[in-house]
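Residue numbers (the numbering used here), protein chains in the order written: chain A, 1 to 113; chain B, 1001 to 1116.
Glycine included, each C-beta is placed from N, C-alpha and C at the ideal position.
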């Protein structure tokens, strides 16, 4: 079975600073994918970034980067230059080819001016 | 290219009534997934469907819940005799055909079900 653990229920960061949201995973499948989604207060799920297990380089998408450490089974999200609009819930998820995503419990990020 | 559509966005039902949630996948997508998000929790997988087939329903409660994805029309998640514990956000996602390589799932805006 696959599992995602997000140990930070809440994080605070000041505007323009960088923040790291932690995610560890557990799977016995050699091929898998890791996702980060953002859920603002309006409720929709916004895809941020994807990392495949065989990808050699860490994924980046604009201000988002994924710090992928395969041996540690961690896939932390780094948001650079935080903005007020980044305040939201952030979910890490794993996909292993069985077609369903398994989500963590999320981290609530609050960006202050 | 329209995204995944869900309706209604908000649904209020009294205990014992039926709730029907609809999901229209993105154009060209033949795989549909339903997830449930209880208050203050992450999303939990419920069911995975392809046209006219239920592929994986391992996350569906054994009673009162059913899902379908007919040849024509949207996918329907049906909850019979709703109880207060069914109050949640229900998300639909779709992905293109392509077997195990089709990892991209595009989410709809969700339906917020409130049971009074």
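If you ignore the 5 residues before and after residue 20(A), its C-beta comes within less than 6 Å of the C-beta of 76 and 78, all in its own chain and listed in chain order.
Among the CB atoms of chain A, one or more fall inside 7 Å of the CB of residue 1109(B). Residue 26(A) sits exposed, since fewer than 16 C-beta atoms from the chains shown fall within 10 Å of its C-beta. Per DSSP, the beta-bridge partners of residue 1022(B) are 1007(B) and 1076(B). Annotation: residue 45(A) is outside any beta strand (DSSP E) and is labelled neither H nor E by DSSP. For residue 71(A), no beta strand (DSSP E) encloses it, and the DSSP letter there is neither H nor E. Excluding five sequence positions before and after residue 1087(B), the CB atoms of its chain that fall closer than 7 Å to its own CB belong to 1113, 1114 and 1115, given in chain order. Each residue's CA atom was taken as its position, placing residue 1022(B) and residue 73(A) some 37 Å apart. Taking residue 1067(B) as the centre and dropping the five residues before and after it, the same chain places the C-beta of 1034, 1046, 1047, 1049, 1054, 1057, 1060, 1075, 1076, 1077 and 1078 closer than 8 Å to its C-beta, in chain order.
Around residue 106(A), the beta-carbon contacts reaching into chain B at under 7 Å are 1042. Pairing residue 85(A) with residue 1107(B), the inter-Cα distance amounts to about 20 Å.
One Cα belongs to residue 101(A), the other to residue 1020(B), and the distance between them is close to 23 Å. Residue burial is scored here from C-beta neighbours: residue 54(A) has fewer than 16 other C-beta atoms within 10 angstroms and is therefore classed as exposed. Put simply, of 1042(B), 1038(B) and 1036(B) the residue whose alpha carbon is nearest the alpha carbon of residue 38(A) is 1042(B).
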